[in-house]
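Residue numbering for the sequence shown follows the UniProt record's numbering, starting at 1 and increasing by one per position.
Virtual Cβ for every residue (Gly too), placed ideally from N, Cα, C.
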Amino acid sequence: MFSRHRPKSLFNCRHCGKCFRTEKGLKSHITQTQCWKKRFMNIHEMLAARTTFPLAPSSLLPQPVLDHDIDGDEDVVAMDGSSNLDSHVGSCSGVATDPLGLTHHFPEAAHIEFIGQTALDEFNDDRFATERQTNLYYPMANRNEWQLASWLLNSDLSMSQIDEYLKLELTKKHHLSFQTAKELKARMELLPPVARWKSKKLTMDIRYPTKKPVYLFYRDAMEVLQDLLKSPLIHDHITFTPLQIFETAARTTRVYDSWLSSDRAWRLQSELPPGRTLLGTILSSDKTNISIMVRNRCAHPLLISLANIKTEMLSKAGHHLLQLLALLPIPVFREKSQDVRGILENRLFHRSLDIVLRPLKVAASIGHLMADPDYGDSFRHPTRTGNSTLAMIDQLTARTDPNNIRTFQRWARKGRMNGVIDPCWRNWPSSDPGEFLLPEILHYWHKFFFDHDMQWCINIVGAEEIDFRYSLITKKQGFRSFPEGISQLRQVTGRDQREIQRYIVSRTAGATSNKFLTAIRALCDFRYAGHAPRFNNATAARVQLALDEFHEVKDEVIQLRGRLNSKGELLKTWEIPKLEFMQSVFPSIKASGPIIQWDANKSERAHITLVKLPARAGNGQNYEIQICRHLDLHSRMRNFDLMTAMKDVNVEFRLTTEPEDGDAGSREGMTGAAPSLVATTSALVSNIVPVSSKVLGSIRPKKDFFLLAANLRTDPNTPSPLPTFTNGDHTAFHLLRDPDLKTLSLDDVQRTFNLPDFFGAVLDYLDRANTGTHIFSIRGQRTPRDVSTLHAPFRVKVWSKLSIQGRQYHNIHLPNETHTIFAAPPGSEYKFGRSDCVVFNIDAKKIWPRSSLEGHAVAIVKVVFAPAYGRYSTYHHPRTDEFLAYCERYDVVNQPPPPAKYTHLPCYQAWKPYYPDYASGCYVLKKALRTNGTPFGDIVPISQFRAQVDLAPYLQGKADSHLSPTNVMTYAPRLLLNKYWEKELWYALDKSDPCSSSAA
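Have a look at this one:
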């Protein structure tokens, strides 16, 4: 496809040494003679035998049962293979300018063999290329007809409903080239092909028959990866060269932000011959229900993608970067023994994977020419290596006949084996289950929390008490509340599990022993620290330290009878496989990069579009075949849409501006003019979006108030103060154009919001503004004056809410999620008004979030307003041309320091000189009150706000039954600053190292 410039000289084959005058001749020689494979003539015989390759640190494959109990959960693994990429690897391998020397790229990686074919070249060579010279949208009549056909087939309409639509008189007036849905689908079969589906009937042991024949539906893994790599839409988001990132030029501290920056990727590349390219293959398997009303209708998809693609790109479902590789069989054996059926299913699983993954094993062994876009212990047990597993299988097969499953199963159980005798990874070079089975957040962390942490809290605190405490959660826009509690929840989603985690520490605090609360808090710290998108040695060690802290105090869970079985009996052991698997997180970060990139959320979402919806679109019969046909059709349509859009706007995606000899004529567009060459995905998308607006899928853009504020500043027609504005480059704010309460007097605001000193607070604010004060704090002292004799200098407009947006902690240039802060007056639903809490700045030298709470304070927002002067007013007071807020301050209640072994942690220096509560990890606050019992309140410019926070009541013992979500903030004597309410807030309050470098 794309190549770096070569000198005008002979081209040598790097495999056999022959010379050629042109690259085209070299390309023909390599593809036709396949001399690069001749050194490996016996590779297929080698793969057929169970050969044990040297097991270097590698990546991965799904393994149903090893030492870890997966409980039917999804296995997310990253497999490593190497292949020689021929296209623009050199240009998109991630080798960027680094004047500070903070990145070190692996030398001589990702070599380019020759100029290959782009996806557009293959489209131009299609069997109907001649017809498309006059009609680009063949087999459709024109673009309009193609758009209608695409809409019909992407809609939820059935075949009969499409027929009804085509029979409408209005539709007939357009004289479409197809009259029925069947004819429409037949035309779509003429679109350029994609990686085709195959089926294979698997013969079963006659001693263990199945109720139905067993079929495996799959695609060639190399063809699927080739289609991914050829797409020009991922060029800006894929890299091929392993690299090492350092925080400073001294290169003493490593930063891990992706799989290619990990130790394992570097080691694997060093095992390859010079010039080879390392591809990290992500495989994910999990059974999923495809029918809502009918039971036992399941599918077992195997998904595939590339770890070389950036995580933020891979996580977007609309990009279709997770592809369905196979539908693994789900047999129904007639055998009555559940143990025997389990071994048979495990063996069939590995046998199926052996067939599906064979092309990847060959590629890992000899390379492949491709085109691209251009048990609860506190210590880690020895890793069960692939060699040790194979040795154990040899011992078992030597002792007993593996075909006698009943006898073999008893011996296998003694050796902690699952009965499989031919593991699918046995002949995969550089693969070891101890390394390719990576930690996965959704099932191993969040589900562990729901099954264990939450149940311990319910058992110890009591279901009624913890339900009441959860019912006191104040409503916040975008966050779930639990008015009925959590003890009766059974079937919940991953999001529900995360929502419960936000409050588990703050709602348990005060209801049980500090030692038990420390155990729950330590596990929460472990999960939050492990979510980081980037690590260095210190932050990776923070993850392990939190887990070690849990193991120090975990016995309290058993002492308080928190760990019970389904019968209510006390469990005195810690035989929890997922807890044991947590010990592998710390080494996995260095070996394979951040854990968040292996999150199964994206593959779970992919099950909907790749399995469930295609299955439900059919008639329910032979759903595997219908899924394959549905996906094949839609893959063809997406590819056709992209290629025709590029041809329609006459652009071509290449990294070289020099056409091959004799090839210039084939690059002429529909107008006869030479196409415009683009070399980046962003440039390509900007060209083709006017023709195909959904080329990247239907993606809702993320709100960016920073960008909106920048645009409003240049618009002279925008009213003042600007409804969307920033305080520099740290925080952005947005208010509705029209206020909720217009032009109230200060007395009206006092009465409406029940704030007796609002008038005095406004006058004090004006006095301080007149003296040149830039940063306002909440002092509370009022200047003595007779307010009743004073005239208000202006009226005010009042808003009941505002939106706030900060910057991401680890990527300070990227906007964070938006939050809504309410400041509504008292009413029938909220007796004391609806108010949210914020962190606001009181020291301009301290920058949130990196400075944490130093130079900041916490307050509750009561009123949001802007001064409104009369039409004929000639004087405006200083600092009244902006949005202001009346806030009431909270003071810190200092706590005892943590144990000496933890005082070095940054989280205990986040708000000097105060310490948080050690057991909960949260700062304890109280409302600042005057001697007469009224709260300290003052006016603060909204531009000093930095983030919304959650304050939870710190209730000792049994909670007062008179409390409610609407009055708890008023009556609770102590509150906890809940650092677990939001992930970005946790990073700030934990004062985590952002692992900053110009390379990261």
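Determine the extent of the alpha helix (DSSP H) in which residue i is found, giving its start and end residues.
i      : result
Ser352 : 338-356
Tyr623 : 623-649
Cys524 : 514-530
Trp911 : That residue, Trp911, is in no alpha helix (DSSP H); it is neither H nor E in DSSP.
Gln269 : 263-271
Lys475 : Looking at the DSSP string, Lys475 is not in any alpha helix (DSSP H), and its letter there is neither H nor E.
Who are the near neighbours of residue i in its chain, counting only those whose CB is closer than 6 Å to its CB and skipping five residues on each side?
i      : result
Ser315 : Lys602
Phe936 : Ile778, Gly780, Arg889, Ala928
Ala538 : Asp993
Pro274 : Glu108
His819 : Ile804, Gln948
Phe53  : The predicted position of Phe53 is uncertain, since its pLDDT is 33 and thus under 50; no value can be drawn from it.
Val76  : Low per-residue confidence applies at Val76: pLDDT is 44, beneath 50, and the placement is therefore not dependable, though the value from the model is reported in the following sentence. Result list for Val76: Ser284, Glu440, Trp598, Ala600, in chain order.
Phe776 : Val940
Thr731 : Gly806, Arg946
Lys991 : Ser852, Pro906, Cys907, Ala910
Trp146 : Tyr137, Met140
Ile148 : First, the amino acid is wrong: residue 148 is Leu here, not Ile. Excluding residues within five positions, none has a Cβ falling inside 6 Å.
If you follow the beta strand (DSSP E) that residue i is in, where does it begin and where does it stop?
i      : result
Arg974 : It is not in any beta strand (DSSP E) - Arg974 carries neither H nor E in the DSSP assignment.
Lys185 : Run containing Lys185: none in the beta strand (DSSP E); it sits in the alpha helix (DSSP H), 181-188.
Ser676 : 676-678
Asn816 : 815-824
Ala732 : 732-734
Please state whether DSSP places residue i in a helix, a strand or coil.
i            : result
Tyr890       : strand
Asn601       : helix
Gln117       : coil
Lys578       : helix
Val194       : coil
Lys310       : coil
Thr277       : strand
Val689       : coil
Asn387       : helix
Cys837       : strand
Pro494       : The sequence shown places Gly at residue 494, not Pro. If DSSP states are grouped into helix, strand and coil, Gly494 belongs with the helices.
Gln805       : strand
His443       : helix
residue 1026 : Residue numbering for the chain in the displayed model covers 1 to 1000; residue 1026 lies beyond these limits and cannot be assessed.
Val924       : strand
Phe448       : helix
residue 1001 : Residue 1001 is absent from the structure shown; the chain starts at 1 and stops at 1000.
Glu247       : coil
Thr171       : helix
Val461       : helix
Glu660       : A caution first: Glu660 carries a pLDDT of 47, below 50, which makes its placement in the model too unreliable to give a value.
Gln323       : strand
Asn154       : helix
Can you list, in chain order, the residues of its chain with a C-beta nearer than 8 Å to that of residue i? Leave out the 5 residues immediately preceding and following it.
i      : result
Arg521 : Val505, Ala919, Ser920, Gly921
Lys198 : Phe217, Tyr218, Arg219, Asp220
His531 : Ile441, Ile595, Ile596, Lys983
Can you give me the Cβ contacts of residue i inside the same chain, cut-off strictly under 7 Å, excluding the 5 residues immediately before and after it?
i      : result
Ile473 : Ser481, Phe482, Tyr503, Pro965
Phe725 : Ala709, Phe733
If residue i and residue j are in contact, beta carbons under 8 Å, what's the gap, nearest whole angstrom?
i      : j      : result
Ala615 : Ile304 : Rounded, the Cβ-Cβ distance is 19 Å, inconsistent with contact.
Trp151 : Ser592 : Not a contact, Cβ separation roughly 42 Å.
Gly415 : Leu396 : 6 Å
May I ask you to list the residues that DSSP assigns as paired with residue i?
i      : result
Val762 : Its beta-bridge partners do not exist; DSSP assigns none.
Leu570 : Leu564
Asp938 : Cys887
Asn201 : Before going on, a small fix: residue 201 reads as Lys here, not Asn. In DSSP, Lys201 forms a bridge with Tyr215.
Cys298 : Asn289
Trp799 : Val864
Gln948 : Val838
Ser315 : According to DSSP, Ser315 bridges with nothing at all.
Below 6 Å, is the gap between the Cβ of residue i and the nearest heavy atom of the ligand NAD?
i      : result
Lys200 : What this structure holds is no ligand at all, so the ligand NAD is not there to describe.
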